[in-house]
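Worksheet for the structure shown next.
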Amino acid sequence: MDLVRRTPPSEDHGDEPLPDLSALQRSLANGTTAQAVAGQLIARRRAVTADGIWITEVPDAVLRDRAAALDALPPAARGALHGVPFAVKDNLDVAGLPTTAACPDFAYVPAHTAPAVQRLLEAGAMLVGKTNMDQFATGLSGTRTPFGAPVNAFDARYICGGSSSGSALALAHGLVSFSLGTDTAGSGRVPAALGNLVGLKPSRGRVSSRGVLP
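Going by this note's numbering, 44 is the number at position 39 of the sequence shown; the sequence numbering is gapless.
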């Protein structure tokens with residue numbers, strides 16, 4: 006389940022929201038470095054104070070190292086998502102980072118990365134963190150989590166939707182240029198709709214579900 010922002014990109018400087026996927030890819034193709042993108046997303050992450058977006062954040066130093074490694078690649082070796090920041094719902098495994106599915110007692114640290122995530126990393130995308138969710142991906146409000154109750158990015162009086170709540174919020178707040186969620190009965194499309202985003206549910210079997218809970 007992919008989430009993509011459809012709002013117009015801003016002229017991004019400092020802690021302004023990151024551009025949408027297509028705008029950022031154009032900028033990178035025209036000479037913007039992955040390190041510059043990493044610097045902007047770190048500033049943006051510090052500026053956004055909304056609760057309930059992240060369960061695990063990739064440290065700033067790791068982001069900077071990843072960006073430097075990407076910039077060191079020759080142009081011919083750069084992938085289709087070179088330098089693009091993204092987030093992953095916390096029911097998808099990333100090697101070395103906890104998977105909680107929003108249940109601390111269930112948490113474990115996987116040795117392997119889910120193929121759906123690995124393919125993005127191999128294409129040059131930069132992982133920013135793992136996002137909040139309705140516990141075990143069972144819920145459509147986004148609030149069924151012990152990691153802080155998320156609220157709508159446009160009006161805090163309203164829910165943001167779930168169960169892929171944090172993945173939608175990270176995108177709606179301009180912290181990433183796309184994100185991964187999961188969707189059985191609307192878990193990606195509902196928070197996308199409530200966040201002015203596009204949520205894409207691929208055909209069953211199109212994307213590997215290995216390393217994904219439940």
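Just so it is clear, CB atoms sit at the ideal spot from N, CA and C, and this is done for glycine as well.
All values reported here derive from a predicted model rather than from experimental measurement.
Beta-carbon gap between residue i and residue j smaller than 8 angstroms
i, j, result
"G88", "L33", "yes"
"A92", "A175", "yes"
"S182", "L78", "no"
"P109", "P151", "yes"
"L75", "A41", "no"
"P24", "R49", "no"
"D188", "M138", "no"
"A128", "L97", "no"
"D20", "A55", "no"
"A106", "Q140", "yes"
When the options are compared against residue i, the one with the closest alpha-carbon
i, options, result
"A66", "R215, V203, D110 and I47", "I47"
"L132", "G204, S27, G216 and R69", "R69"
"L202", "G36, A177 and P219", "A177"
"P80", "G44, T37, L97 and A43", "T37"
"P219", "P207, N157 and S168", "S168"
"P90", "R83, G204, L126 and S146", "L126"
"T143", "L205, G166 and K206", "G166"
Beta-bridge pairing of residue i - partner residues as DSSP gives them
i, result
"K135", "T61 and V93"
Whole-angstrom C-beta distance between residue j and residue i, which should lie under 8 angstroms
i, j, result
"S172", "L185", "6 angstroms"
"T104", "A112", "7 angstroms"
"K135", "I60", "5 angstroms"
Take every Cβ of the region 151-163, pair it with every Cβ of the region 114-130, and state whether three or more of those distances are shorter than 8 angstroms.
-> no
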